[in-house]
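Chemist: In this text, residue positions in the sequence shown follow the working numbering: the first is 638, and each later residue adds one. Where is the CB? At the ideal position from N, CA and C, for every residue including glycine. Being a predicted model, the structure only gives us computed values, none of them experimental. Below you will find the structure I want to go over with you.
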Amino acid sequence: MIATGTILIVDDNPTNLELLLKNFDQIGFKVLVAKDGFGALKRLQYAKPDLILLDIMMPGMNGIEVCRRLKTDKATQDIPIIFMSALDDITNKIKGFEAGAVDYITKPFQQEEVVARITTHLTLRLLQRHLQTQNEELTRLNNELAERNQELDAFAHTVAHDLKNPVGMIINFAELIAGEVKLPEDTHRQLGLIARAARKMNNIVNELLLMAGMRRTEVEQYPLNMARIVGEARQRLSYMIEEREAELILPADWPVAVGHAPWVEEVWANYLSNGLKYGGQPPRLHLGATAGSDGMVRFWVRDNGPGLSPEQQTRLFVEFTRLNQIKTEGHGLGLSIARRIVEKLGGQVGVESEGIPGQGCTFFFTLPQAPNALHNQ
638 MIATGTILIV DDNPTNLELL LKNFDQIGFK VLVAKDGFGA LKRLQYAKPD LILLDIMMPG
698 MNGIEVCRRL KTDKATQDIP IIFMSALDDI TNKIKGFEAG AVDYITKPFQ QEEVVARITT
758 HLTLRLLQRH LQTQNEELTR LNNELAERNQ ELDAFAHTVA HDLKNPVGMI INFAELIAGE
818 VKLPEDTHRQ LGLIARAARK MNNIVNELLL MAGMRRTEVE QYPLNMARIV GEARQRLSYM
878 IEEREAELIL PADWPVAVGH APWVEEVWAN YLSNGLKYGG QPPRLHLGAT AGSDGMVRFW
938 VRDNGPGLSP EQQTRLFVEF TRLNQIKTEG HGLGLSIARR IVEKLGGQVG VESEGIPGQG
998 CTFFFTLPQA PNALHNQ
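Written out as C-alpha cells, the structure is:
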C-alpha cells in the first residue's frame, strides 16, 4: 500500500514539473507547485505539505538556501526535504544533506525510484507524527497520574493523622483499664480484643503510608546500626512476644549494611511479626546475618513453624497473601511491603523451607555491605 500525502514541488523547469505532476496525479498524491525559492517560502506561509521535493539549481534563491531557511523555522523544520539534482552534482548533494535534506533523486527521473523514495519518507513522516501524538498523550497521562498520586498521598496523610490519634487513645485506654481496674475475666478478654483490633488498624495505616512514601521518595542510605534497629522492632512487637511467650535468639554482633533505618526496621518488624503469628507454639525465632563475597549482607529470621510448600513460597511476597487461614492479626500487606523496601534499597527478599513440619522457614533479605564495614553490637 502506497502512503499518500501532500507534496510541494519546487522547480523552475516546466518539463520536470509536467512529468512529476503526471506521475503523482496517477498515484493519488496531492501536489502543490512553486516555481522558485521565493515562491516556495510564500506557499509555506499558509500551506503545510507532508514532503517537499526541491530542486537545487534555481535562479534567485537556490534550493540549498531554501532548505536552510526552512530548517531554521519551527513551523517548517520537521517537513522532510528531498533534493532533485543532476547525477554528477556531488558537491551540491553534500551541501544539501548538510542543510538538512533527508534524501535526493537524480535527473533524469526514474518514476519507480521517485515514487519509492517519496513513499518511504511519507511513511516515516506518518510514523513520526503518530509517535509524537503517542508521546504527547503519554506525557499528559503521566502528568495526570502524578497529580492524582499527589492528591492520594495528601488524602492518605490526612486520613492517617485523623485516625492515628483516636486509635492510639483506644489502645492506651484499653491497656490502662485492663491493668488498673479489677474487672471480670470476660471483660478483660474483651478489652484485649479491643486493643488488638486497634493495633491492627494502626499497623495497616502505617504500612499504607509507607507504601505511598516508597512510591515517591528517594531516601539517603547510610551504614546501619542493626542491633539498634532490631531492638526497635522488638519493642514494637513486645505485646505479641509476651502474649505468645516467644523466644528470640539474637547474634552477638551484626555485619554492617547500608540502608535507611526506618525502612529496614519495618522489614524486621514484618519478618518478626510473621514468625510470631505463624511459627511454632510457642514461637522460637533465630535471627542472624552473614556477609557474602558478593558485597551483600544476608539477614534472616528462622522460625520453628510447620514450614511452607513450594506453591505457598511463590505467593508469599504478593500483596494480600496470607500464609494460612488461621485467624491472626495479619492483613496480607507486610511481606509485600518488605519486598518493596528491600528492592528499593538494592537488595532482595526470599524464603527457604523444606515444607517439613517442625523444621520451619527461614525468611531472609539482603542489603549492600557498608564499605570497610566492621560489626556492630
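Quick one: using the 10 Å Cβ neighbour count with 16 as the cut-off for buried, is ARG935 buried or exposed?
Modeler: Against the sequence shown, residue 935 aligns to sequence position 298. ARG935 is buried by the Cβ-count criterion.
Chemist: Taking all protein chains shown into account, decide if ALA712 is buried (16 or more other Cβ within 10 angstroms of its Cβ) or exposed.
Modeler: As a working note, residue 712 is residue 75 in the sequence shown. ALA712 should be labelled exposed.
Chemist: Are the CB atoms of TRP937 and GLY925 nearer to each other than 7 Å?
Modeler: Taking the sequence shown and counting its residues from 1, the one referred to as residue 937 is at position 300. Taking the sequence shown and counting its residues from 1, the one referred to as residue 925 is at position 288. The answer is yes: Cβ separation under 7 Å.
Chemist: For the alpha helix (DSSP H) that GLU948 lies in, which residues bound it at each end?
Modeler: Stepping through the sequence shown from its first residue, residue 948 is reached at position 311. First-last of the alpha helix (DSSP H) with GLU948: 947-952.
Chemist: DSSP has THR999 in a bridge; who is on the other side?
Modeler: Taking the sequence shown and counting its residues from 1, one reaches residue 999 at position 362. DSSP output for THR999 lists ARG939 and GLU989 as bridge partner(s).
Chemist: Check whether the Cβ atoms of GLY674 and MET695 sit closer than 7 Å, and answer yes or no.
Modeler: By 1-based counting over the sequence shown, the position of residue 674 is 37. By 1-based counting over the sequence shown, the position of residue 695 is 58. In this structure, MET695 lies closer than 7 Å to GLY674 by Cβ.
Chemist: Among residues of its own chain, excluding the 5 on either side of ALA815, which ones have a beta-carbon nearer than 8 Å to its beta-carbon?
Modeler: Within the sequence shown, residue 815 is the residue found at index 178, counting from 1. Once the five neighbours on either side are set aside, the close Cβ partners of ALA815 are HIS825, LEU828, GLY829 and ALA832.
Chemist: Given this structure, state the Cα-to-Cα distance separating THR756 from ASP692, to the nearest angstrom.
Modeler: Reading the sequence shown from its first residue, position 119 is the one you call residue 756. Reading the sequence shown from its first residue, position 55 is the one you call residue 692. Distance between the alpha carbons of THR756 and ASP692: 18 Å.
Chemist: Here's the rule I'm using: 16 or more other beta-carbon atoms within 10 Å means buried, otherwise exposed. How should TYR859 be labelled?
Modeler: Taking the sequence shown and counting its residues from 1, one reaches residue 859 at position 222. Exposed, since its Cβ has fewer than 16 Cβ neighbours within 10 Å.
Chemist: Out of curiosity, what's the CA-to-CA distance linking GLU903 and ARG785?
Modeler: On the sequence shown, residue 903 is found 266 positions in, with the first residue counted as 1. On the sequence shown, residue 785 is found 148 positions in, with the first residue counted as 1. Answer to the nearest angstrom: the Cα atoms are 26 Å apart.
Chemist: So what does DSSP say about PRO803, is it helix, strand or coil?
Modeler: Here the question's residue 803 lines up with position 166 in the sequence shown. Looking at PRO803 - three-state DSSP - the assignment turns out to be helix.
Chemist: Please list the terminal residues of the continuous beta strand (DSSP E) segment that includes SER910.
Modeler: Residue 910 sits at position 273 when you count from the first residue of the sequence shown. It is not in any beta strand (DSSP E) - SER910 instead sits in the alpha helix (DSSP H) that spans 898-915.
Chemist: Contact check, VAL668 vs LEU658 under 8 Å by CB: the rounded distance?
Modeler: Stepping through the sequence shown from its first residue, residue 668 is reached at position 31. Stepping through the sequence shown from its first residue, residue 658 is reached at position 21. Yes, they are in contact, since the Cβ atoms of VAL668 and LEU658 sit about 6 Å apart, within 8 Å.
Chemist: Give me the Cα-Cα distance between GLU655 and ASP715, rounded to the nearest whole angstrom.
Modeler: Position 18 of the sequence shown holds residue 655. Position 78 of the sequence shown holds residue 715. Their backbone Cα atoms lie some 27 Å apart in a straight line.
Chemist: Considering MET877, what are the terminal residues of the alpha helix (DSSP H) in which it resides?
Modeler: Position 240 of the sequence shown, counted from the first residue, corresponds to residue 877. First-last of the alpha helix (DSSP H) with MET877: 875-880.
Chemist: Alpha carbon to alpha carbon, how far is THR643 from LEU690?
Modeler: Translated into positions along the sequence shown, residue 643 becomes position 6. Translated into positions along the sequence shown, residue 690 becomes position 53. Cα to Cα, the separation comes out at about 11 Å.
Chemist: Counting only the same chain and skipping the five closest in sequence on each side, list residues whose C-beta sits under 6 Å from that of GLU869.
Modeler: Position 232 of the sequence shown, counted from the first residue, corresponds to residue 869. Answer for GLU869: GLU902, listed in chain order.
Chemist: Following a CB-centred definition, is VAL893 positioned closer than 6 Å to any heavy atom of the ligand COA?
Modeler: Although the ligand COA was asked about, the structure shown includes no ligands whatsoever.
Chemist: Which of the three DSSP states, helix, strand or coil, is assigned to GLN765?
Modeler: Position 128 of the sequence shown holds residue 765. GLN765 falls in the helix class under three-state DSSP.
Chemist: Assign HIS968 to one of three DSSP states: helix, strand, or coil.
Modeler: Locating residue 968 in the sequence shown gives position 331, counting from the first residue. With a pLDDT of only 40 at HIS968, under 50, the local geometry of the prediction cannot be trusted, and the value read off the model is given with reservation. Three-state DSSP puts HIS968 in coil, outside helix and strand.
Chemist: Who are VAL934's beta bridge partners in DSSP?
Modeler: On the sequence shown, position 297 is the one that residue 934 refers to. VAL934 is bridged to ALA928 and LEU1004.
Chemist: Excluding the 5 residues preceding and the 5 following ILE701 in the sequence, name in chain order all residues of the same chain whose CB lies nearer than 8 Å to its CB.
Modeler: Here residue 701 corresponds to residue number 64 of the sequence shown, with the count starting at 1. These residues qualify, in order along the chain: ILE693, ASN729, LYS732, GLY733 and ALA736.
Chemist: Does DSSP classify GLU1016 as helix, strand or coil?
Modeler: Only positions 638 to 1014 of the chain appear in the structure, and residue 1016 is not among them; the question remains open.
Chemist: Report the option in PRO745, THR1003 and ASP790 whose CA atom is closest to the CA atom of ASP931.
Modeler: As a position in the sequence shown, residue 931 is number 294, starting the count at 1. Selected option, being the one with the closest Cα: THR1003.
Chemist: Helix, strand or coil for ASP823 per DSSP?
Modeler: Taking the sequence shown and counting its residues from 1, one reaches residue 823 at position 186. Residue state, collapsed to three classes: helix.
Chemist: Can you tell me which of the three DSSP states LYS685 falls into?
Modeler: For the purposes of this step, residue 685 is taken as the residue at position 48 of the sequence shown. Note: LYS685 maps to coil in three-state DSSP.
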